[in-house]
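Taking it in order: structure first as structure tokens, then the write-up.
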Amino acid sequence: MQLRLRVQNGSFFNYERLLEGYMGKLFRKLSALVFSVIPFSECQAEKDEAHFSVMSNQDNAQGEKMLLGTWVAYCNMNAGRLSMEEQTARFKDAGLNFIIYGAWINDDKEPVKRNLSDVNWWKHVDSVMGRYGMKYLFGSAAAGANTIANVPGSIENNLKEEAVRNAENIVPQLQNCNGFVVLDEPRGSQLGLVGKACREYAGIKKGIYPFVNLFPSVVAGLIGWEGICGSYQNYFEEFIASAGKENLEYISHDSYPFNADSTDFSFYNDLEVMRKTGLKYGLKTHGFPQLCAWEGKRMPNINEVRWNCYSYLAYGFKALTYFNYTMWMGENCFDGLIDNQTGEVRHPELWEEVKKLNYQMLAASDIILNVDCILAGHTTLDNIPGFMAGSSIEQPRVVSELPEHSLISAPEGADLIISYFKAKDNSEPYVMLFNKSFDKTVDNMTFTLDKNGGIAYLEAFIPDNKQYERIEIINNSFNYSLKQGEGVFIRLGGDIDIDKYSAL
3 MQLRLRVQNG SFFNYERLLE GYMGKLFRKL SALVFSVIPF SECQAEKDEA HFSVMSNQDN
63 AQGEKMLLGT WVAYCNMNAG RLSMEEQTAR FKDAGLNFII YGAWINDDKE PVKRNLSDVN
123 WWKHVDSVMG RYGMKYLFGS AAAGANTIAN VPGSIENNLK EEAVRNAENI VPQLQNCNGF
183 VVLDEPRGSQ LGLVGKACRE YAGIKKGIYP FVNLFPSVVA GLIGWEGICG SYQNYFEEFI
243 ASAGKENLEY ISHDSYPFNA DSTDFSFYND LEVMRKTGLK YGLKTHGFPQ LCAWEGKRMP
303 NINEVRWNCY SYLAYGFKAL TYFNYTMWMG ENCFDGLIDN QTGEVRHPEL WEEVKKLNYQ
363 MLAASDIILN VDCILAGHTT LDNIPGFMAG SSIEQPRVVS ELPEHSLISA PEGADLIISY
423 FKAKDNSEPY VMLFNKSFDK TVDNMTFTLD KNGGIAYLEA FIPDNKQYER IEIINNSFNY
483 SLKQGEGVFI RLGGDIDIDK YSAL
């Protein structure tokens with residue numbers, strides 16, 4: 003993605019200065035980026051308006067994996083470059099299964115010339131992706147810092163009729179492509195055009211949907227709430243109304259909390275808006291954990307990466323795409339896992355730690371894809387500001403506090419999210435205990451159960467062995483420990499009315 007907010011020194015009070023420098027870039031490149039669908043092609047389910055809190059537009063097959071990918075992936079090396087297959091094999095080994103922007107793969111060392119209008123190029127890409135169990139996105143146009151110079155045109159061209167016809171001719175012949183490129187970060191005024199394109203793409207191949215990534219709230223506020231439909235919630239509502247919920251599988255945003263000298267915890271407001279909107283319309287949610295550094299941002303460590311990923315999972319997100327494994331050439335990007343020009347791994351230890359995290363998340367796919375988050379309750383709202391806090395356009399925070407009479411309660415002073423999940427197949431419900439701190443561990447903390455909650459037993463899912471481990475309950479309480487930024491899914495046994503804890 004090209005549009006990244008540059009928050010200097012983590013301040014919430016420099017919006018005018020930020021806006022002055024940012025708007026020129028914003029208007030030059032607003033239509034220059036994109037991406038697309040993240041559907042699961044086999045899995046369209048019946049829609050049930052009366053039960054939108056647990057029914058999605060698309061159901062999931064048992065054993066299917068959540069999508070886990072990277073935005074910038076393949077390197078722009080002119081000499082000594084790894085082939086598409088070699089790079090894809092490396093991403094597969096790292097625990098990824100999704101190349102979100104297939105149009106950025108170039109043709110160095112490839113037997114077919116890269117031409118985004120040529121079915122032979124896309125069949126070659128499709129074949130390589132298939133050998134490594136990768137899904138990827140189709141696009142008729144490419145632009146931006148990580149594309150090669152001999153491919154002209156803005157990604158905004160994917161909104162044009164010619165691009166739709168190109169997709170019609172090519173995508174039905176592909177086996178591993180799972181979506182259509184539309185547009186990244188549209189303004190409110192663009193939603194009509196974007197929605198029209200989504201409706202056209204959605205009819206090309208059954209089970210393949212268009213995907214549009216929306217602004218994070220901090221950028222939406224910078225360009226003016228009026229230009230972004232008046233509020234962050236309305237921004238999503240109007241996009242869905244324009245595209246038609248039946249033509250979408252995911253809603254998405256990109257928000258990057260790791261500023262150079264601070265962390266932006268207003269990020270949680272965005273997640274709550276998306277959680278509620280996804281439930282309301284039966285749509286899955288997708289986000290971008292931060293995995294690189296550019297101007298105004300810092301390179302996260304493993305505890306911060308884990309926190310970022312589990313923040314999304316605590317809000318019921320179904321797919322994640324890292325921004326980025328590979329450095330890109332714009333916005334003074336200065337660090338990442340992979341050097342764009344040499345293809346070398348810059349941080350081998352972090353690579354291995356993120357790889358382990360990836361496999362842990364993939365191991366939980368059967369849970370992640372089969373449950374909907376009906377409450378993400380914070381044990382404390384300290385340090386969580388509202389939208390655009392400290393500015394003249396501030397809007398109140400929307401995150402939920404854990405209710406006083408919760409099914410599971412934490413001790414006073416704990417800084418956690420306790421999330422409640424309802425299973426789509428009406429099997430046992432789950433909770434997640436999530437440590438909101440990426441600096442401190444949770445050590446043998448005592449949690450208390452609601453005496454009238456109906457819990458008979460608790461089973462923690464252990465991703466390293468894909469087994470459930472019974473948690474000992476003594477005197478209506480239990481103890482549990484968590485790493486920095488870690489979450490755990492706990493299956494609840496008994497006669498539990500999980501719906502009464504819902505916060506829709």
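For what it's worth, the working numbering labels the leading residue of the sequence shown as 3, then goes sequentially.
Cβ atoms here follow ideal geometry from the backbone N, Cα and C, with glycine treated the same way.
- Between Phe325 and Asp256 the beta-carbon gap is near 6 Å, inside 8 Å, which marks them as a contact.
- The region 122 to 134 and the region 396 to 413 do not touch, with fewer than three beta-carbon pairs separated by less than 8 Å.
- Across the set Val220, Arg308, Lys299, the C-alpha of Lys299 shows the shortest separation from the C-alpha of Glu333.
- Boundaries of the alpha helix (DSSP H) around Arg167: 163 to 172.
- If only uninterrupted alpha helix (DSSP H) runs of at least 4 residues are considered, those enclosed by the region 218 to 277 are 219 to 224, 234 to 245.
- The closest CA to that of Glu403, considering only Cys231, Asn271, Val373, is found on Asn271.
- Remark: C-beta atoms of Asp466 and Gln362 approach each other more closely than 8 Å.
- A straight-line Cα-Cα distance of about 15 Å links Val214 and Gly104.
- Spatial neighbours of Ile242 in its own chain (CB-CB distance under 8 Å, excluding positions within 5 residues in sequence) are listed in chain order as Leu250, Ile253, Thr279, Tyr283, Leu285.
- At the C-beta level, Cys77 and Asp128 stay beyond 8 Å of one another.
- In this structure, Thr344 is the residue among Thr344, Pro405, Leu377 with its C-alpha nearest to the C-alpha of Leu84.
- Taking the C-beta atoms as reference points, Phe436 is found no nearer than 8 Å to Tyr258.
- Between Ser483 and Asp445, the beta carbon gap of about 5 Å places them in contact (Cβ cut-off 8 Å).
- Contact annotation: Val196 and Leu185 have beta-carbon atoms nearer than 8 Å.
- Rounded to whole angstroms, the Cβ separation of Cys200 and Pro188 is 11 Å, and the two are not in contact under 8 Å.
- Scanning its chain for C-beta atoms nearer than 8 Å, with the 5 sequence neighbours on each side dropped, one finds around Gly495 the residues Glu430, Ile457, Ala458, Tyr459, Leu460, Glu461, in chain order.
- Scanning Lys115, Asn342, Gly392, Val130 for the CA closest to the CA of Met329 turns up Asn342.
- When Cβ pairs closer than 8 Å are counted between the two stretches, the region 463 to 481 is seen to touch the region 445 to 454, the count reaching three or more.
- With a threshold of 16 other beta carbon atoms within 10 Å, Gln292 meets it and is buried.
- By the beta-carbon neighbour count (other beta carbons within 10 angstroms, threshold 16), Phe491 is buried.
- Note that the C-beta distance between Phe238 and Phe182 is not below 8 Å.
- Measuring C-alpha to C-alpha distances from Ala391 to each of Asp368, Val130, Leu176, Leu224 identifies Leu224 as the nearest.
- Per DSSP, the continuous beta strand (DSSP E) segment holding Ala378 begins and ends at 373 to 380.
- In the three-state reduction of the DSSP assignment, Val307 falls in the helix class.
- If the five residues before and after Ser411 are omitted, its C-beta is found closer than 6 Å to the C-beta atoms of Thr450, all from its own chain and listed in chain order.
- For Tyr361, the enclosing alpha helix (DSSP H) covers residues 350 to 365.
- Apart from the 5 residues on each side of it in sequence, Ile473 sits with its Cβ closer than 6 Å to the Cβ of Leu460, Ala462, Phe480 in its chain, given in chain order.
- Secondary-structure assignment with DSSP links Asn99 through no beta bridge to anything.
- In this model, Val166 and Ala204 are separated by some 10 Å (Cα to Cα).
- Cα atoms of Ser244 and Ser367: separation of roughly 31 Å, rounded to the nearest angstrom.
- Nearest to Thr72 by C-alpha distance, out of Tyr432, Glu88, Glu471, Leu322, is Leu322.
- Cα atoms of Leu359 and Glu164: separation of roughly 41 Å, rounded to the nearest angstrom.
- Counting along the chain, the unbroken beta strand (DSSP E) around Gly181 starts and ends at 179 to 186.
- Shown here for Ile386: same chain residues with a beta carbon closer than 8 Å to its own, the five before and five after excluded, namely Phe267, Ser268, Tyr270, Asn271, His380, Arg399, Val401 in chain order.
- Taking a contact as a CB-CB distance under 8 Å, the pair Leu377 and Tyr317 does not count as one, their CB atoms being some 10 Å apart.
- At a Cβ-Cβ threshold of 8 Å, Cys375 and Gly338 do not count as neighbours.
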